[in-house]
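As structure tokens, the structure follows; a few thoughts come after it.
Numbering (full-length UniProt numbering), first residue to last: 1 to 71.
Put into structure tokens, the structure is as follows:
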């Protein structure tokens, strides 16, 4: 996913990195915002939660746009 979000700064270089890491046998993923999410018991669960995290962000951004347009 190399797309640019509307609120991202202008032109910049982005490097793809592995989002899932293992710490003491537990799985975590990192976000663009720099947070570490987890722990999860398996890599598959962490990957599934990445998709859910993105869905939650997109939903919250949509709600924010709606609330701003209703002001």
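The C-beta atom is built at its ideal place from N, Cα and C for all residues, glycine as well.
Just so you know, these numbers come straight off a predicted model, no measurement behind them.
Beta bridge counterpart(s) of residue 30 as assigned by DSSP: Residue numbering aside, residue 30 sits at position 30 when the chain shown is read from its first letter. Beta-bridge pairing links residue 30 to 36.
Nearest candidate by alpha-carbon position, reference residue 79, set 32, 48, 35, 42: Because the chain here runs from 1 to 71, residue 79 falls outside it and cannot be looked at.
Own chain residues within Cβ distance below 7 angstroms of residue 47, not counting five before or after: Counting from 1 along the chain shown, the entry for residue 47 is found at position 47. Hits under 7 angstroms: 20.
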